[in-house]
Amino acid sequence: GAEVVASCHDVHETRFLALSVSDASDDVVGVIRAGARGYVTKAISTEDLAQAVRRVAAGDAAFSPRLAGFVLDAFGAGAGEVAVADTELDRLSTREREVMRLIARGYTYKECASELFISVKTVETHVSAVLRKLQLSNRNELTRWAVARRIV
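Residues in the sequence shown are numbered from 84 upward in steps of one, following our numbering.
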């Protein structure tokens, strides 16, 4: 999703509306940050989807009602604060963000591995990468960092 939108910046006057099964805040915000004008889930009715397509084509934004809050939360802070948060989060891969969120919520490495269907060693590798990329020292700092940005 986000990768496709970001790779099409050179296509003049193209507007994107994401249609996805995911309603995870990271997915929604990531696609919007990449340049999409809207995001709806596949549970949307045919009429609402048609209306969303028309709105995005006209240059407006369109979101499934439940998802609009994610976007408002992500972009509701001051401009400087959002830019810093974007840069920091953009350093992480999607899987690193998933692991980071679980660790920040208090999951053990073993619980993360089970939740994400990966090995404990892979979780450890992702946590190390997250800490290094965010210049944090330990899980406690990671949790504080995530809470301060309303990621967990």
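Each residue gets a CB set at the ideal place from its N, CA and C atoms; glycine is no exception.
Since we're looking at a predicted model, the values are computed, not measured.
Nearest to residue i (by Cα), restricted to the options the options
i    : options                : result
V104 : A126, G121, R149, A119 : A126
S128 : G121, A117, A119, S147 : S147
L225 : I186, A144, I201, R178 : I186
A231 : T97, T124, E171, E96   : E171
T214 : A229, F99, E194        : First, the residue type needs correcting, since residue 214 is Leu and not Thr in the sequence shown. If we check each option's Cα against that of L214, A229 comes out closest.
G118 : F200, G142, C195       : G142
T208 : V182, R138, G189       : V182
R233 : L219, A135, E198, R184 : R184
S176 : L219, R188, A212       : A212
N- and C-terminal bounds of the alpha helix (DSSP H) containing residue i
i    : result
T177 : 177-187
T124 : Taken as a continuous stretch (DSSP letters only), T124 belongs to no alpha helix (DSSP H), being part of the beta strand (DSSP E) at 121-124.
E130 : 129-140
Coil, strand or helix - residue i by DSSP
i    : result
T191 : coil
G113 : helix
A145 : strand
R174 : coil
A107 : coil
S202 : coil
Integer-rounded CB distance, given that residue j should sit under 8 Å from residue i
i    : j    : result
R174 : K216 : 4 Å
A101 : V114 : 5 Å
R149 : D106 : 7 Å
A144 : R178 : Contact flag wrong, Cβ pair sits at about 28 Å.
L132 : V123 : 6 Å
E198 : Y190 : 7 Å
A196 : V210 : Wrong, their Cβ atoms sit about 11 Å apart, outside the cutoff.
Unbroken beta strand (DSSP E) run spanning residue i, endpoints
i    : result
A101 : 100-103
Checklist line | Completely contained alpha helix (DSSP H) runs for the stretch 204-232, where each covers 4 or more residues | finding: 222-231
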